[in-house]
Ligand SMILES: C[S@@+](CC[C@H](N)C(=O)[O-])C[C@H]1O[C@@H](n2cnc3c(N)ncnc32)[C@H](O)[C@@H]1O
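Numbering (my numbering), first residue to last: 45 to 273.
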């Protein structure tokens, strides 16, 4: 009998295969601890004894493994869609890494996080949310991130790359559809507006990357850090 996790993983794999998704579509990398600290403006000591979620943790979870070597009492959970794809080479290497240093690895998607509310002190995303292809997926993912971070917990995302809504499904998408049409509004303002709309958020840092505004293109920021109130 497969375990429930294994079953969900297999179901996700079948669905992805049916959609024609390939592993390469999700851009597998494996950035080390130092890159996470500098891109996400994290202070290493702040991560001690914390519960951390790495969203889109990459090929072999290098960041998580290096952090765990430094602080064994830090709990770090890795979620990545690539874990539903099976390739012999990656599986073999992962198996080896997991034997040396077991970490909680979850095959999952940003839009539907398999965690209870208020679970993490930090939710991190380095070059991963930017793989979401629709505005609606971004709204769901950001709402999920906010749900699973603890009050007082922090979210560090680099970068936020928001596609315009394609259709007006709801009052929310209608509002953003109109914001995307407003040529005088800097792109980053749209990202800021979206996160603020989720409520219970305090911005701590916001890189205002001034992209060339174009109503048909993505709007992009650099680093975004916010706290759940
Ligand atoms: C460019 S890699 C970044 C990996 C790591 N954070 C790093 O900085 O090296 C993007 C990661 O996000 C994962 N990913 C992309 N879209 C995803 C989704 N919708 N749900 C979960 N993981 C996703 C990919 O499988 C990939 O491992």
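We treat Cβ as the ideally placed atom computed from N, Cα and C, and that holds for glycine. What you are looking at is a predicted structure, and each value in this text was computed from that prediction instead of being measured.
Neighbour-count burial assignment, residue i, 16 or more Cβ in a 10 Å radius
i: residue 137; result: exposed
i: residue 162; result: exposed
i: residue 105; result: buried
i: residue 100; result: buried
i: residue 63; result: exposed
i: residue 222; result: exposed
i: residue 209; result: buried
i: residue 205; result: buried
i: residue 213; result: exposed
i: residue 97; result: buried
i: residue 35; result: There is simply no residue 35 to check, as the chain begins at 45 and stops at 273 in what is shown.
i: residue 170; result: buried
i: residue 89; result: exposed
i: residue 55; result: exposed
i: residue 172; result: buried
i: residue 68; result: exposed
i: residue 174; result: buried
i: residue 45; result: Residue placement at residue 45 is poorly supported in this model, since its pLDDT is 39, which falls under 50; the coordinates still yield a value, given next. Counting Cβ neighbours within 10 Å, residue 45 comes out exposed, since fewer than 16 surround it.
i: residue 231; result: buried
i: residue 259; result: Interpretation of residue 259 is limited by its pLDDT of 48, a score under 50 that renders its predicted location unreliable; the figure taken from the coordinates is listed afterwards. It counts as exposed.
i: residue 196; result: exposed
Closer than 7 Å: residue i CB and nearest ligand 1 heavy atom
i: residue 124; result: yes
i: residue 39; result: No statement about residue 39 is possible, as the shown extent of the chain runs from 45 to 273 and does not include it.
i: residue 191; result: no
i: residue 78; result: no
i: residue 171; result: yes
i: residue 109; result: no
i: residue 262; result: no
i: residue 205; result: no
i: residue 131; result: no
i: residue 154; result: yes
i: residue 241; result: no
Within 8 Å, strictly: CB atoms of residue i and residue j
i: residue 192; j: residue 167; result: yes
i: residue 203; j: residue 264; result: yes
i: residue 242; j: residue 271; result: no
i: residue 95; j: residue 164; result: yes
i: residue 250; j: residue 236; result: yes
i: residue 118; j: residue 87; result: no
i: residue 207; j: residue 178; result: yes
i: residue 273; j: residue 253; result: no
i: residue 269; j: residue 198; result: yes
i: residue 128; j: residue 151; result: yes
i: residue 107; j: residue 146; result: no
i: residue 134; j: residue 103; result: yes
i: residue 267; j: residue 84; result: yes
Check whether the region 216-224 and the region 184-202 are in contact - that is, three or more C-beta pairs closer than 8 Å. no
Counting beta carbon pairs with one atom in the region 225-232 and one in the region 107-114, are three or more of them shorter than 8 Å? no
Would you say the region 65-83 touches the region 114-134, given that touching needs at least three Cβ pairs under 8 Å? yes
Can you list, in chain order, the stretches of the alpha helix (DSSP H) that have 4 or more residues and sit fully within the region 204-272? 215-225 and 231-242
Quick one: complete beta strand (DSSP E) runs, 3+ long, within the region 94-123? 95-99
In chain order, each alpha helix (DSSP H) run of at least 4 residues that lies wholly inside the region 124-194: 132-144 and 179-192
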